[in-house]
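Novice: Using numbering that gives the first Met the number 0, you'd call the opening residue of the sequence shown number 0 and step up by one each time.
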Amino acid sequence: MNYDQICDEIKNKRSYLCIGLDSDLDKIPKHLLKYKDPIFEFNKLVVDATKDIVIAYKPNLAFYEVLGSEGIKTLQKTINYLPDNIFKIADAKRGDIGNTSIMYAKTFFETLDFDAVTLSPYMGKDSVDPYLDYKNKWAIILALTSNESAKEIQLISSDKGEKLYESVINDSLKWSNPENLMYVVGANREEDLLNIRKIIPDSFILIPGVGAQGGDLKKISNAGMNKNCGIMVNVSRSIIYSDKSTNFEESVRKSALNIQKEMEQILLNNKII
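1. Does the segment 145-154 come within contact of the segment 83-102, defined as at least 3 CB pairs closer than 8 Å?
2. For the ligand COA, is there a heavy atom less than 6 Å away from the beta-carbon of Asp36?
3. Quick check on DSSP: helix, strand or coil for Gly204?
4. Which residues in the same chain have their Cβ closer than 6 Å to the Cβ of Val53, if we skip the five residues on either side of it in sequence?
5. Would Lys253 be called buried (16 or more neighbouring beta carbons within 10 Å of its own) or exposed?
6. Let me know if Glu248 comes out buried or exposed under the rule of 16 or more other beta-carbons within 10 Å of its beta-carbon.
7. Along the chain, where does the alpha helix (DSSP H) containing Phe39 start, and where does it finish?
8. In angstroms with no decimal places, state the Cα-to-Cα distance between Ile27 and Lys243.
9. Can you tell me whether Glu190 is buried or exposed? The criterion is at least 16 other CB atoms within 10 Å of its CB, across all chains shown.
10. To the nearest angstrom, how far is it from the Cα of Leu154 to the Cα of Asp114?
11. Less than 8 Å between C-beta atoms, sequence neighbours within five positions excluded: which residues of the same chain meet that for Met262?
12. Relative to the C-alpha of Lys270, which candidate in Ile9, Ile5, Met0 has its C-alpha closest?
13. Does the distance from the CB of Lys255 to the CB of Thr77 come in under 7 Å?
14. Taking its Cβ as the centre, do 16 or more other Cβ atoms sit within 10 Å of Lys29, making it buried, or is it exposed?
15. Could you tell me the boundaries of the alpha helix (DSSP H) in which Gly97 lies?
16. Let me know the beta strand (DSSP E) ranges lying completely inside the segment 184-253, each 3 residues or longer, listed in chain order.
17. Distance check for Gly70 and Asn227, CA to CA, integer angstroms please.
18. Measuring alpha carbon to alpha carbon, tell me which of Leu66, Asn246, Lys124, Pro177 ends up nearest Lys136.
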């Protein structure tokens, strides 16, 4: 998907919700365990319940790789099941150089056919370059993450007073443009998000941490939005694990719809729709 298509989906669905498919055998409803591929059945029901009100799904690779080759098959089936108008993000956080980086790019963009992949940029430009060679595919680099120990590295300031995450973002502006480069900023980084938006006024920002992690949707939306919306807010556990009954997908939809309605009002208030 290209930039304009993502913006169109946001306006059409009146939503900028991304759902993380962090699907765990120990947490999904027990009645699904009778299926040969319970994780796929779970994902399918989540998708069926929410595909008309979300713009993206983000499978976390760790939850599939842990299951070995069968988990990779489940991941591929899940990707194939997603509608074409849904943005597909591989939450992989890869970061390497040379031929390894080229192979990773082929894996996610050719073999698995994701639209985007999360990357660690800390090995520099040549760890991101191979992903930027693909038309209508996206590199999503970790700018400022939500974990507590991020401050030990990402928030360290140089002698010039520039924080490390600022250096990374500023350097990345030389690598590409807002048409295929996004950034991850945690929902608990509201003050820094305001600063980041000034550095990258036109870029999309993927914001995890709303819901179970306690991020405030309205605050981070107002801090991160640009004239095109420009943000995707990821919610995982508070939606996909909102219920464990045999009709859990009804609660999944209700939880997602509550967030979408709040997003709709924020979009209206910001005159984006």
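Beta carbons are placed, not taken as given, at the ideal position from N, Cα and C, and that holds for glycine.
Specialist: So, from the listed chains and residues:
1. no
2. Judged by which ligands are present, the structure shown has none, so any question about the ligand COA falls away.
3. The residue you asked about is not Gly; residue 204 is Ile in the sequence shown. In the structure shown, Ile204 sits in a strand (DSSP, three-state: E or B).
4. The beta carbon of Val53 sits closer than 6 Å to the beta carbons of Leu16, Ile18 from its chain, once the five residues preceding and following it are set aside; these are given in chain order.
5. exposed
6. buried
7. Annotation for Phe39: the continuous alpha helix (DSSP H) segment containing it runs 37-49.
8. 7 Å
9. So Glu190 counts as exposed.
10. 29 Å
11. Arg13, Ser14, Tyr15, Leu16, Leu216, Ser220, Val232
12. Ile9
13. Note that residue 255 corresponds to Ala in the displayed sequence, not to Lys. Thr77 is positioned such that its CB atom lies no closer than 7 Å to that of Ala255.
14. exposed
15. 97-105
16. 204-207, 230-234
17. 36 Å
18. Pro177
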